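> One point on numbering: in this note's numbering, the residue at position 11 of the sequence shown is 19, and numbering is uninterrupted.
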Amino acid sequence: MRALARLAPIAFLAALAAFVIFSWRAAGPPATQADTAGPRMALTVSGAGLICDLPADPTECSAPLGAVFNLSVEVAAAPAEGYIGFQTMVFYDRLTYLTRAAGDEIVWPESALPVRFPETPTALDRWVSHGDASGASPPLPASSHTGPVVELALGCSGSPSASTVALLPYDAALRPLGAGFRAGTPEGGLGALAPAKAAGTRALDVDGDGATEDVPVADVVDITCEGATRTPSATRTPTSTRTPSATATRTAMATPTPRPSGDVDCSGRVDAIDAALVLQLEAGLVSGLRCGFLGDVSGDGRLNSIDATLILQFVAGLLPAP
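(1) So which of Y178, L311 and R48 has the shortest CA-CA distance to H153?
(2) As a quick exercise: from G166, K205 and L162, pick the residue whose alpha carbon is nearest that of P129.
(3) Can you give me the Cβ contacts of G192 inside the same chain, cut-off strictly under 6 Å, excluding the 5 residues immediately before and after it?
(4) CB-CB under 8 Å to E89, same chain, minus the five flanking residues each way: which ones, in chain order?
(5) For V214, which of helix, strand or coil comes out of DSSP?
(6) Between C233 and D213, what straight-line distance do the alpha-carbon atoms span, to the nearest angstrom?
(7) Suppose you measure from the CA of I114 to the CA of W135; what does that come to, to the nearest Å?
(8) Restricting to Cα atoms, I'd like to know which of L160, G270, F99 and D133 is closest to F77.
(9) Can you tell me the Cα-Cα spacing of T209 and T96, whole angstroms?
(10) Per DSSP, what kind of secondary structure is S313 in: helix, strand or coil?
(11) Flag this pair as touching only if the region 115-126 and the region 214-224 have three or more C-beta atom pairs under 8 Å; answer yes or no.
(12) For S145, is the classification buried or exposed, using 16 other Cβ atoms within 10 angstroms of its Cβ as the cut-off for buried?
(13) Going by C-alpha distance, which of S169, T220 and G218 is nearest I231?
(14) Among V229, L176, A86 and A109, which one has its Cα closest to the Cα of C60?
(15) Can you find the residues in the same chain that come closer than 6 Å, C-beta to C-beta, to N312, ignoring five residues on each side of it along the sequence?
(16) Identify every residue that forms a DSSP beta bridge with P224.
(17) Kindly list the residues whose CB is nearer than 7 Å to the CB of G143, restricted to its own chain and excluding five residues on each side of it in sequence; keep chain order.
(18) With a threshold of 6 Å on Cβ separation, who are the neighbours of F189 within its own chain once the five nearest residues in sequence on each side are excluded?
(19) In the DSSP assignment, find the unbroken beta strand (DSSP E) run with L160 in it and report its ends.
(20) Quick one: give me the first and last residue of the beta strand (DSSP E) that V305 is part of.
(21) Can you tell me which residues form a DSSP beta bridge with C69?
(22) Round the Cβ separation of F125 and A174 to the nearest angstrom and send it over; I've been treating them as touching at under 8 Å.
(23) In terms of residues, what are the limits of the alpha helix (DSSP H) holding E2?
(24) Select from R267, T104 and P184 the residue whose C-alpha is nearest the C-alpha of H138.
(25) Counting along the chain, where does the beta strand (DSSP E) carrying L175 start and finish?
(26) Apply the 10 Å Cβ neighbour rule to G303 and answer buried if 16 or more other Cβ atoms are within range, or exposed otherwise.
(27) In angstroms with no decimal places, state the Cα-to-Cα distance between Q321 and A110.
(28) Can you look up V278 in the DSSP assignment and give me helix, strand or coil?
(29) What would DSSP say about D112, mapped onto helix, strand or coil?
(30) In chain order, what residues of the same chain lie with their CB nearer than 7 Å to the CB of D315, ignoring the 5 residues before and after it?
Spelled out as structure tokens, the structure:
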């Protein structure tokens, strides 16, 4: 999918949405995992001046102001039957993300279709998702690779800050681009998508709206840019108990920011993910959407592929905001 980067914006977004939808159509419902075992992904960090509590399996690190370091998403435990593709979703909070080509950031040995979303991240983005498959057409070879699959360059700004970097697992309704493994079928086609095993939850502001909510995480690393103070977490495993701060923060907001039309996932912005979710709803792959009431951008009283197409055209800049 390297050629996608050279396509017009609407073609890229349409292809990305189609790839996601085709995967779910072919695979059926997502695979389930036991609480005590399952395919896992983990985060590691490295770089000059970086100091971590556990270098091989960090939970907290500190870095000098202006430092640039490497964040690696690694397969810690591959599915027993192997996998023909994967996807990751990294929330990098207040850190600076220094982008490279998607094919350079994905280091999976079997990489054949590297893709990233957003394709061109901006300073307003707080997360990035990568995906890949082991081939362009069936039969797709299965991989048993463990180790790095994605490597990102992150950095501290010139001001002190404290950030939580989190790997967010796949959720069909809430986080369709989350971390997971794509299984193959006996014929070498696309099988079920298994989420990367969750380690617990963390209160994060993934949407960037100023309010935190408890979010499932596959792994987390707290990174302090020199000069900032942070209260260390008591344990590595994030707490699964909802913290009162999330509710208190939302209640304190006197004037909530209006959700834009087309924002069916309640993320605060309209993008290709919203179009993909509308298509999933029409295909019967999901039973509902968090903000489905915002999806009827055509105004015909129905939520269908026409709305998905209009959303994609808006994202590509071909139409004004719905």
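Idealized CB from N, CA, C, for every residue including glycine. Since the structure is predicted, the reported quantities are computational estimates derived from the model, not experimental observations.
If we stick to the structure as given:
(1) For H153, the closest alpha carbon among the candidates Y178, L311 and R48 is that of R48.
(2) Minimum Cα-Cα distance from P129 among the listed residues G166, K205 and L162 corresponds to L162.
(3) In its chain, beyond the 5 residues on either side, I92, L148, A150 and G199 have a beta carbon closer than 6 Å to the beta carbon of G192.
(4) Apart from the 5 residues on each side of it in sequence, E89 sits with its Cβ closer than 8 Å to the Cβ of A150, A191 and G192 in its chain, given in chain order.
(5) Of the three classes helix, strand and coil, the one that applies to V214 here is coil, per DSSP.
(6) So the two alpha carbons sit approximately 19 Å from each other.
(7) Distance between the alpha carbons of I114 and W135 is about 16 Å.
(8) When only C-alpha atoms are compared, the closest one is L160.
(9) Their backbone Cα atoms lie some 17 Å apart in a straight line.
(10) In the three-state scheme derived from DSSP, where H, G and I count as helix and E and B as strand, S313 is classed as helix.
(11) Contact between the region 115-126 and the region 214-224 is not established, with fewer than three Cβ pairs separated by less than 8 Å.
(12) Classification for S145: exposed.
(13) Nearest Cα to I231 within the set S169, T220 and G218: S169.
(14) The shortest Cα separation from C60 among V229, L176, A86 and A109 belongs to V229.
(15) Result list for N312: E290, in chain order.
(16) Beta-bridge pairing links P224 to T209.
(17) Excluding residues within five positions, the ones whose Cβ falls inside 7 Å are A120 and P149.
(18) P47, P87, Y91, F94 and A202, listed in sequence order.
(19) Start and end: G155 to G163.
(20) Per DSSP, V305 lies in no beta strand (DSSP E) segment and is marked neither H nor E.
(21) Bridge partners of C69 according to DSSP: C60 and I231.
(22) No, F125 and A174 are not in contact; Cβ-Cβ is about 17 Å, not under 8 Å.
(23) Within the shown structure, residues of the chain are numbered from 9 to 330, placing residue 2 beyond reach of any answer.
(24) Of the candidates R267, T104 and P184, P184 places its Cα closest to the Cα of H138.
(25) Boundaries of the beta strand (DSSP E) harbouring L175: S169 to L175, taken from the DSSP string.
(26) Result: buried.
(27) Between Q321 and A110, the C-alpha separation is close to 23 Å.
(28) Secondary structure of V278 (DSSP, three-state): coil.
(29) Looking at D112 - three-state DSSP - the assignment turns out to be helix.
(30) Only V286, G303, D304, V305 and S306 meet the Cβ criterion.
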